[in-house]
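Whatever position you read off the sequence shown (first residue = 1), add 32 for this note's numbering.
Taking it in order: structure first as structure tokens, then the write-up.
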Amino acid sequence: MKHIFVINLVRSKDRREHILREIAKYRDDQIAVEFFDAVDASKKEHLKFKKHCIKFLTKCYFGQDLTDAEKGCFASHYCLWQKCVEMNEPIIVLEDDIDLADSFLEGIERIYRSQYEYVRFRGTTTKKIWRMEEHFGITYLTLAGTQGYYLTPKAARKFLQKAYLWLWPVDLYTDKSYLNKVPNVIHLPYLINDEKYFSSTIGRRDSKIEVRKPKMGIRYVLKKIHKIRRRIYMAKDGRKLGIFNEQ
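Structure follows, in structure tokens:
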């Protein structure tokens with residue numbers, strides 16, 4: 033049985049109806065769909081996870097504190113990682129505002145047959161993706177976005193282990209494979225279309241808010257250290273996989 037968990041705010045009934053229509057296109061007796069009640073920052077539910085959020089450290093690493101909505105978003109995915117470990121079987125996580133590609137069912141069948149521990153269904157940017165085989169690629173850069181992904185207990189444990197402190201929004205954290213040791217594998221072509229029917233209610237930083245690039249100080253040093261770590265990880269993993277190093 034394949035378990036799909038859809039992150040959805042209880043108050044977002046229109047989104048629930050939308051994603052149900054999307055999934056209904058792919059009727060399969062071996063797919064079980066369950067809604068996961070997202071952590072609602074508007075109701076201060078994210079405060080239950082305040083031990084993970086230290087404003088000073090987040091500013092040092094990310095440049096500014098996470099918004100309450102971003103904390104709620106991180107908490108929602110964090111809880112599903114815990115759920116995956118508890119179930120001890122792979123799960124699929126979807127956000128509720130997505131448009132599934134025509135190849136969605138075929139794609140997840142392929143993913144379940146693969147050896148990968150974590151597979152993204154799309155990204156929001158167009159960073160370099162190195163193709164490993166016909167339908168799978170990998171990136172070491174920031175793709176961003178948590179619209180949908182396949183997750184095994186092995187990957188969930190790794191995510192949880194390095195996510196005691198939430199120093200970045202959740203999509204930027206999961207992109208940091210050099211830190212959490214979870215290869216950032218992407219299904220090609222994407223299994224989620226680019227079009228979105230709704231603006232996100234779970235948690236996105238306002239696009240008008242710009243995180244300033246560090247020039248000096250502790251954040252500048254930390255950013256340089258992480259960049260070096262990423263390059264070292266990329267070189268080692270890239271050689272192991274037989275792909276080109278970063279250009």
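Even for Gly, the Cβ is constructed at its ideal location relative to N, Cα and C.
In this text the structure is predicted, and so the values were computed from the model without any measurement.
DSSP three-state label for residue i, please.
i, result
"S239", "Reliability of the predicted coordinates at S239 is poor, the pLDDT of 44 falling under 50, and no value is obtained from them."
"H167", "coil"
"E278", "Interpretation of E278 is limited by its pLDDT of 44, a score under 50 that renders its predicted location unreliable; the figure taken from the coordinates is listed afterwards. It is coil, neither helix nor strand."
"R59", "coil"
"Y196", "coil"
"N212", "helix"
"K34", "strand"
"A176", "coil"
"I51", "helix"
"A70", "coil"
"F230", "Reliability of the predicted coordinates at F230 is poor, the pLDDT of 48 falling under 50, and no value is obtained from them."
"R43", "coil"
Hey, out of the options, whose CA is closest to residue i's CA?
i, options, result
"L126", "Y172, A64 and K76", "A64"
"R152", "V38, R262 and H219", "H219"
"D203", "V38, F136, A176 and K91", "A176"
"C116", "K75, T184 and F94", "T184"
"E166", "L98, I143, D134 and N40", "I143"
"L112", "Y148, D129, D69 and I140", "D69"
"G139", "K87, M33 and I224", "I224"
"C92", "R163, E141 and G249", "G249"
"E118", "K186, W198 and K80", "K186"
"H84", "W198, R271 and G95", "W198"
"Q147", "H50, G95, Y182 and L89", "Y182"
"Q179", "D129, A107 and F106", "D129"
"P221", "W162, R251 and K259", "W162"
"R145", "F168, D131 and I86", "F168"
"Y196", "L89, I51, K34 and M33", "L89"
"D131", "D100, V71, K57 and K256", "K57"
"A133", "Q114, E149, R154 and S108", "R154"
"H109", "G95, L137, D97 and V71", "V71"
Considering residue i, what are the terminal residues of the alpha helix (DSSP H) in which it resides?
i, result
"D183", "A quick correction: the sequence has Leu, not Asp, at residue 183. Run containing L183: none in the alpha helix (DSSP H); it sits in the beta strand (DSSP E), G180 to L183."
"F88", "K87 to F94"
"Y205", "V202 to D207"
"H258", "I250 to L273"
For the beta strand (DSSP E) containing residue i, name the first residue and the last one.
i, result
"H219", "V217 to H219"
"V151", "Y150 to R152"
Does at least one heavy atom of the ligand SAH sit under 7 Å from the Cβ of residue i?
i, result
"I224", "For the ligand SAH, the structure offers nothing, since it holds no ligand at all."
Quiz item: Does the segment 257-266 come close enough to the segment 200-210 that 3 or more CB-CB pairs lie under 8 Å?
Solution: A contact exists between the segment 200-210 and the segment 257-266.
Self-check item: Contiguous beta strand (DSSP E) assignments of at least 3 residues, all confined to the segment 101-145
Solution: Segments of the beta strand (DSSP E) lying fully in the segment 101-145: 123-127.
Quiz item: Would you call the segment 189-197 and the segment 160-177 in contact, with 3 or more CB pairs under 8 Å?
Solution: Judged by Cβ distances under 8 Å, the segment 189-197 makes no contact with the segment 160-177, as fewer than three pairs qualify.
Quiz item: Do the segment 76-85 and the segment 40-50 make contact, defined as three or more Cβ pairs closer than 8 Å?
Solution: Not touching, per the Cβ criterion.
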